[in-house]
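Novice: Sharing a structure here in structure tokens format.
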Amino acid sequence: MSGTEGRSPGVLGDLRAELPGILAVAAQVVIVLAVGVGVVDLAVTGAAALGYLGPACVLAGTLLTRHRPLLGLALLAAGPMFAWLSAATPVVTWSAVCFAAFALTVRGMPGLLAGGVLGLSNLLFAGLTAGTIDVRVDSSASIFAAAAAVGAAMGSAVRGTHLYRQEVEARIRDADRARLLAVEHGVATERLRIARDLHDSIGHQIAVVNMHLGAAEVHLSGDPMVVSEDLAAARTGVQEVLRETQQTLRVLRSGDRTENAGSVPGAERIADLVASARDAGMEIDASLGRIDDRLPLQAGIAAYRIAQEALTNAHTHGAGPVRLVAVQDEEGNVTIDVTNRRRADGTAARPGRGGHGIIGMKERAALVGGAVETMADGEMFHLHSVLPADELPRTGRSRP
Numbered sequence: 013m014s015g016t017e018g019r020s021p022g023v024l025g026d027l028r029a030e031l032p033g034i035l036a037v038a039a040q041v042v043i044v045l046a047v048g049v050g051v052v053d054l055a056v057t058g059a060a061a062l063g064y065l066g067p068a069c070v071l072a073g074t075l076l077t078r079h080r081p082l083l084g085l086a087l088l089a090a091g092p093m094f095a096w097l098s099a100a101t102p103v104v105t106w107s108a109v110c111f112a113a114f115a116l117t118v119r120g121m122p123g124l125l126a127g128g129v130l131g132l133s134n135l136l137f138a139g140l141t142a143g144t145i146d147v148r149v150d151s152s153a154s155i156f157a158a159a160a161a162v163g164a165a166m167g168s169a170v171r172g173t174h175l176y177r178q179e180v181e182a183r184i185r186d187a188d189r190a191r192l193l194a195v196e197h198g199v200a201t202e203r204l205r206i207a208r209d210l211h212d213s214i215g216h217q218i219a220v221v222n223m224h225l226g227a228a229e230v231h232l233s234g235d236p237m238v239v240s241e242d243l244a245a246a247r248t249g250v251q252e253v254l255r256e257t258q259q260t261l262r263v264l265r266s267g268d269r270t271e272n273a274g275s276v277p278g279a280e281r282i283a284d285l286v287a288s289a290r291d292a293g294m295e296i297d298a299s300l301g302r303i304d305d306r307l308p309l310q311a312g313i314a315a316y317r318i319a320q321e322a323l324t325n326a327h328t329h330g331a332g333p334v335r336l337v338a339v340q341d342e343e344g345n346v347t348i349d350v351t352n353r354r355r356a357d358g359t360a361a362r363p364g365r366g367g368h369g370i371i372g373m374k375e376r377a378a379l380v381g382g383a384v385e386t387m388a389d390g391e392m393f394h395l396h397s398v399l400p401a402d403e404l405p406r407t408g409r410s411r412p
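Just so we're on the same page, my numbering is the position in the sequence shown counted from 1, plus 12.
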């Protein structure tokens, strides 16, 4: 069933929502008409004043069914008694009580209470009027008692069905809202993933391009061949930015974030990353161990991105050489440690760059069950990351 099925639009939906009230009013109209006919009959036959008490109690009880249901029930139960005491024709009163049982229960009174009280009243006083409750002699008492019980049961059934329908529609609406929230959450998560990818990959490549252009600027007054090499390296960096952007756009168009997972660099490409940064002028003391396929694909991608962002941060916020260690233990877990000296003035090489790199690294590690810890120790900044081969949940934390 779709989210719109189960909801009745327009006038029909409004009528269904108000169905119990409409049926209760219809029953009250029938009662008022019946009582009116009974009163006219009493007037025509010249009945005593006591004869009007039965119809009057039924009419008053009917009008109280909505706001004072218990008082209305008491007056309705008294109607057959006064009809019996007055010795007037009681059929109208007994019939009106049956419709009143329906009106009471369709408005919410328990069927057992309304049907029991009004059915017993009809049975007792119709029996007294007929002189017996034996159906073999006179079935009037049993018929009107059963009619009151049936009226109460019908009212309860109508109300129960109405409440059930309301509950179903409420659950459908809740399911629609939950589905919408899930979609919105998925969109927000995907936006965060794309932002993280752009920050890590493209941000790093732009940093490399920036270093090459800076080197070219320094070498302008020197050897033209060196300047040409710097510009060629910068052009390669720009091409890498375009490649990363096109890959992200392909994933966005296709909606399949896994189709190009194989083309995303993994942990085995950390050595290439270090070489690229060195070519751009960074001083890196690297100790890289062999990382095999025991590390899952997504964890390998996370390892590469974490190392990439750590080097970018070291260039942006640090000074001097960078120490990078990436090793795999006997269980297949990969540990990455990056240490660099912080800038003495606390400024960045590229002012205005965001401060979400560490957050992105922690999110990447957490997604594969790993952790990233950072620590600022005087002049030095340390980053320590562990990415497990088994992808067990872990919690990253920062140390001041």
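Using N, Cα and C, we set each Cβ at its ideal position, and we do this for glycine too. Bear in mind the structure is a predicted one, so any value in this text is a computation, not a measurement.
Provide the residue span of the alpha helix (DSSP H) that contains N325, from first to last.
Specialist: L309 to H329 is the span of the alpha helix (DSSP H), which, as asked, contains N325.
Novice: Taking the continuous alpha helix (DSSP H) assigned at A113, which residues delimit it?
Specialist: Where A113 is concerned, the enclosing alpha helix (DSSP H) stretches over V103 to V118.
Novice: How many Å lie between A292 and A200 at the Cα?
Specialist: Each residue's Cα considered, the two are about 35 Å apart.
Novice: Going straight from the alpha carbon of G139 to that of R171, what length do you get?
Specialist: In a straight line, the C-alpha of G139 is about 31 Å away from that of R171.
Novice: Taking all protein chains shown into account, do 16 or more other C-beta atoms lie within 10 angstroms of the C-beta of L71, making it buried, or fewer, making it exposed?
Specialist: By the 10 Å Cβ count, L71 comes out buried.
Novice: Determine, using beta carbons only, whether G66 and F111 come nearer to each other than 9 Å.
Specialist: For G66 and F111, no; Cβs fall outside 9 Å.
Novice: So for L204, helix, strand or coil by DSSP?
Specialist: Reduced to three states, the DSSP call for L204 is helix.
Novice: Any idea what DSSP makes of A360, helix, strand or coil?
Specialist: Interpretation of A360 is limited by its pLDDT of 47, a score under 50 that renders its predicted location unreliable; no figure is taken from the coordinates.
Novice: In whole angstroms, what separates the C-alpha of G18 from that of G198?
Specialist: Confidence at G18 is low in this model, with a pLDDT of 44, below 50, so the placement of that residue should be treated as unreliable; the coordinate-derived value is given next. Taking the straight line joining both Cα atoms gives about 27 Å.
Novice: Short check: CB of V334 to CB of M294, under 9 Å?
Specialist: Result yes, Cβ atoms of V334 and M294 sit closer than 9 Å.
Novice: Applying the 10 Å Cβ sphere with the 16-neighbour rule, what's the burial state of E321?
Specialist: Answer is buried; the Cβ neighbour count reaches 16.
Novice: Is DSSP giving D305 helix, strand or coil here?
Specialist: Residue state, collapsed to three classes: coil.
Novice: Excluding sequence positions up to five away, which residues of its chain have a Cβ less than 6 Å from the Cβ of G331?
Specialist: First, the residue type needs correcting, since residue 331 is Ala and not Gly in the sequence shown. Cβ within range, chain order: R353 and R355.
Novice: Among the candidates T386, G382 and A187, whose CA atom is the shortest distance from the CA of G369?
Specialist: Ranking T386, G382 and A187 by Cα distance to G369 puts T386 first.
Novice: Helix, strand or coil: how does DSSP classify R365 here?
Specialist: Low local confidence applies: a pLDDT of 46 at R365 is under 50, so the model's placement there is unreliable, with the coordinate-based value given in what follows. Coil.
Novice: Which of helix, strand or coil does DSSP assign to H231?
Specialist: Here H231 sits in helix by DSSP.
Novice: Report yes if the CB atom of R28 is closer than 9 Å to the CB atom of H174, and no otherwise.
Specialist: Cβ atoms of R28 and H174: closer than 9 Å.
Novice: Looking only at its chain, what residues have a beta carbon closer than 6 Å to the beta carbon of A90, apart from the 5 residues adjacent to it on each side?
Specialist: Closer than 6 Å at Cβ, skipping near neighbours: C69.
Novice: Measure the C-alpha to C-alpha separation of I313 and N222 and round it to an integer number of angstroms.
Specialist: Using only the alpha carbons, I get a separation of about 24 Å.
Novice: Have a look at V162 and G58 and give me their C-alpha separation to the nearest angstrom.
Specialist: V162 and G58: Cα-Cα distance of roughly 34 Å.
Novice: In terms of DSSP beta bridges, what is I282 paired with?
Specialist: None, per the DSSP bridge assignment.
Novice: Using the DSSP secondary-structure output, state which residues sit across from V334 in a beta bridge.
Specialist: According to DSSP, which records beta bridges pairwise, V334 is partnered with I296 and N352.
Novice: Going by the DSSP bridge assignment, what does H394 pair with across the sheet?
Specialist: Bridge partners of H394: T351 and M387.
Novice: For the region 152-167 against the region 124-136, do three or more pairs of beta-carbon atoms, one drawn from each stretch, fall closer than 8 Å, so that the two count as touching?
Specialist: Touching, yes, given that three or more Cβ pairs across the two stretches are closer than 8 Å.
Novice: Among all the DSSP beta bridges, which residues are the ones paired with V339?
Specialist: Bridge partners of V339: T347.
Novice: What separation, rounded to the nearest whole angstrom, lies between the Cα atoms of L399 and M392?
Specialist: Their backbone Cα atoms lie some 23 Å apart in a straight line.
Novice: How would you label V220, buried or exposed, when you count the other beta carbons within 10 angstroms and need 16 or more for buried?
Specialist: Counting Cβ neighbours within 10 Å, V220 comes out buried, since at least 16 surround it.
Novice: Which residue from L124, D186 and P102 puts its Cα closest to that of A153?
Specialist: Nearest C-alpha to A153: P102.
Novice: By a C-beta neighbour count over all protein chains shown, 10 Å radius and 16 as the cutoff for buried, is G301 buried or exposed?
Specialist: Classification for G301: exposed.
Novice: By Cβ distance, which residues of its chain are closer than 7 Å to D242, with the 5 residues on each side in sequence left out?
Specialist: Answer for D242: H224, A227, A228 and H231, listed in chain order.
Novice: Taking the alpha-carbon positions, what's the R281 to R203 distance?
Specialist: If you take the alpha carbons of R281 and R203, they lie about 26 Å apart.
Novice: For L31, I'd like the list of residues in its chain whose CB is within less than 8 Å of its CB, leaving aside the five on either flank, ordered along the chain.
Specialist: Counting only Cβ-Cβ distances below 8 Å, and skipping sequence neighbours, we find V170 and H174.
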